[in-house]
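Be aware that the sequence shown starts at 25, since it is given in the numbering used here, and climbs by one per residue.
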Amino acid sequence: MSVQALSLCEEHGLNFTRAFAQQFLLTTDAGQELPRYQRRAFGKWLLLSGPRMPIAEAEVKDKHDKTIQVIVMGHAVDATGTLARNTRLNDVLSESTDIERLERYISGLGGRYIALLRHGAQERLYLDPTGSMGALINRAQGRIASTLHMALTRPTEPSTAYPAELTVSRYAFGHTADKDVFALMPNHYLDLETGQMHRFWPKEQSFTCSSLEELDAGIDRVIARHGEIMHALTAVRGPTILPVTGGQDSRVLMAIAAARNLSPDYVFTHITTKNALADSEVAAQLCEALGWERDVLDVMHWDSPLALPPRRVYRYLREAALARGNVNFTYPTKSPEHTIPRREMTATQALPDGGVVLRGHVTDISKAVLWRKLGAMAFIRHGAAGITDEIGTQLLYHDRPELGLFPWPQKHFAAWRATLPDGARDRTLDFMGLELYRNYSLGASFYGFVKNFYVAPGCDREIITLLASAPPAMRYRLQYNQRLIARAAPALRDIPYTRALDNQMLAKNPPFSKSLNAYGLA
25 MSVQALSLCE
35 EHGLNFTRAF
45 AQQFLLTTDA
55 GQELPRYQRR
65 AFGKWLLLSG
75 PRMPIAEAEV
85 KDKHDKTIQV
95 IVMGHAVDAT
105 GTLARNTRLN
115 DVLSESTDIE
125 RLERYISGLG
135 GRYIALLRHG
145 AQERLYLDPT
155 GSMGALINRA
165 QGRIASTLHM
175 ALTRPTEPST
185 AYPAELTVSR
195 YAFGHTADKD
205 VFALMPNHYL
215 DLETGQMHRF
225 WPKEQSFTCS
235 SLEELDAGID
245 RVIARHGEIM
255 HALTAVRGPT
265 ILPVTGGQDS
275 RVLMAIAAAR
285 NLSPDYVFTH
295 ITTKNALADS
305 EVAAQLCEAL
315 GWERDVLDVM
325 HWDSPLALPP
335 RRVYRYLREA
345 ALARGNVNFT
355 YPTKSPEHTI
365 PRREMTATQA
375 LPDGGVVLRG
385 HVTDISKAVL
395 WRKLGAMAFI
405 RHGAAGITDE
415 IGTQLLYHDR
425 PELGLFPWPQ
435 KHFAAWRATL
445 PDGARDRTLD
455 FMGLELYRNY
465 SLGASFYGFV
475 KNFYVAPGCD
485 REIITLLASA
495 PPAMRYRLQY
505 NQRLIARAAP
515 ALRDIPYTRA
525 LDNQMLAKNP
535 PFSKSLNAYG
545 LA
């Protein structure tokens, strides 16, 4: 059967092998083929992976002659700071073939990846901690794939199970734009035999911090683990690339890199709007403080040296939208609303080819990013009890918070919340971001960047545990980030941010030492 992604590319004159170069399809159809895709057997399944999808595997027989097989797609760094490549996976299998130990190994991986584990008759699929490499299942056709059009062999058919009024904001709770295709949830493995998901993380552990010493030890470990992952990624073929702005997230990554004596191969700031000019000025100060060289990719004007022919830019935009699973990927050439996407695509194409681009997603748990003011204030006033299902759904549909007042999303939010172990429920909003939000955003959008491989080094369960354990109010007030930066790269701490609100927040905060009681750290 023809994959819908290939059919759509052929219909619209787009390049399938370029647009879907970092994607995959796991199917029970042994005869399935895709142009330039690698083929691998995985038990009863056939795995097809794109020409630019990093992949590693190992396979052994245990003492009972049972086949043990592990495949890792993407870039994953294990708890020893080693990339999960063929040699490393063979070493892991030589040490033990116990399924619980192998699951712990997979759980300890950081980066952007999907892991397949075959243990005799058991066949499982694991996502990274937030599904930044997304996966969808089409149970009706026995297919698991990276994005919507890869999971289908026909045009999309809208779901009637997901309320239409919610689609103006986003899909959630596993639903997608097609009635037969469902998004897999991070921190649950998929049993390939039954098609059912089972939570494997977190276990019964606490996500709290009770003293300043514990907080600082956690910050130091956050710095160290980020450094392990970033250092391991330098072994990937091609440059290590870091976008630098005047915001919080890139500064945290810069500080961590400086603390671990790491210097990216290519540092850049792109200018796509007038506001980005201020971003670039702050980025210049940050790079000067660390002695880093930086490129400025100014694509504001049509006669920029980086400019590409408009037809080519629109083709790249259509391919990226299709690769991300968008139902609407036409991008009319005359639409003013596409000015910024055109510039962003031009800047993306100006990057060196290959390697990895480091992003601050997931690390941004350090500023309680998805708590926003609504969640942070509710927690400050009422503790964890203040985070009601209604607040959770308003934050999930944050661009249209009134949608969170509907009974349907609140019912499904409550059902999801009930699957969290007791120790994690005080951090419901952090887990909402991991399991209900980012797998739909990063999990799809990163597939559209095919010139490089995008990785959030903070996408790691140890890092997430430490970040989420810090007091939410401290994170929201940016005091956690300030403390981390002061410990990692003090020269960056007092350089102003681009966002006036960030600077105002920091200016009005009481001295940290006077907040210890309020944060439960005294």
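A virtual CB, placed ideally from N, CA and C, is assigned to each residue, including glycine.
In this structure, the CA atom of K68 is about 17 Å from the CA atom of E81. Going by C-alpha positions, K298 is about 15 Å away from S328. DSSP links M221 through a beta bridge to L214. With a 10 Å radius around the Cβ and a threshold of 16 neighbouring Cβ atoms, P78 comes out buried.
Taking C-beta atoms as the reference points, S156 and G467 count as a pair closer than 8 Å. The alpha-carbon separation between G457 and T191 amounts to approximately 18 Å. CA-CA distance, R511 to D454, rounds to 24 Å. The three-state reading of DSSP puts K538 in helix, counting H, G and I together. The count of Cβ pairs closer than 8 Å, one atom from the stretch 131-148 and one from the stretch 96-105, reaches three, so the stretches are in contact. Contact annotation: A201 and T180 have beta-carbon atoms nearer than 8 Å.
Taking the Cα positions, A513 is about 27 Å away from P153. Per DSSP, K85 is not a residue of any alpha helix (DSSP H); the beta strand (DSSP E) it occupies stretches across 79-85. Nearest Cα to M498 within the set N39, V94, F66, P535: P535. Residue state for S493 is assigned as helix, using DSSP reduced to three classes.
Counting of Cβ neighbours within 10 angstroms places G399 among the buried residues, the total reaching 16 or more. If the five residues before and after S493 are omitted, its C-beta is found closer than 7 Å to the C-beta atoms of F231, T232, C233, G242, all from its own chain and listed in chain order. Across the structure, H422 and A408 are spaced so that their CA atoms are roughly 20 Å apart. A direct Cα-to-Cα measurement between S390 and A279 gives close to 14 Å. Around the CB of V320, fewer than 16 other CB atoms lie within 10 Å, so the residue is classed as exposed. Using a C-beta cut-off of 8 Å, the stretch 310-318 makes contact with the stretch 280-292, since at least three inter-stretch Cβ pairs fall below that distance. In this structure M97 is buried. Its beta-carbon is surrounded by 16 or more other beta-carbon atoms within 10 angstroms.
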